[in-house]
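Numbering (the numbering used here), first residue to last: 360 to 449.
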């Protein structure tokens, strides 16, 4: 999960747009490849790092057809970490 946090922090720091596309990802993490669909956040508010992370994880799960194990693999995190991060907050 730390790798994902680092990637998101780098995207926020060096990013010039609200949307993150393959160009931004490969500029920061050249090893990332795959589907060229965009991950984006609503433009009407500033998001916390936690919100960005939650949205990105949800987007990845959707991209994997709901397969959380596959999403965790792509994100480079343990499936139990992904399950914990997707539980509703109290």
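Every residue gets a Cβ at the ideal spot worked out from N, C-alpha and C, and that includes glycine.
1. Does the Cβ of residue 350 have 16 or more other Cβ atoms within 10 Å, making it buried, or fewer, making it exposed?
2. Would you identify the three-state DSSP class for residue 426, choosing helix, strand or coil?
3. Terminal residues of the continuous alpha helix (DSSP H) containing residue 447?
4. Which residues in the same chain as residue 429 place their Cβ atom closer than 8 Å to its Cβ, once the five residues preceding and following it in sequence are excluded?
Reading off the structure:
1. Only positions 360 to 449 of the chain appear in this structure, which leaves residue 350 out of reach.
2. By 1-based counting over the chain shown, the position of residue 426 is 67. Three-state result, residue 426: coil.
3. Counted from its first residue, the chain shown places residue 447 at position 88. Counting along the chain, no alpha helix (DSSP H) covers residue 447, and no H or E run does either.
4. As a working mapping, residue 429 is identified with position 70 in the chain shown. Here residue 429 has 423 as same chain residues with Cβ atoms under 8 Å from its own Cβ, once five neighbours each way along the sequence are excluded.
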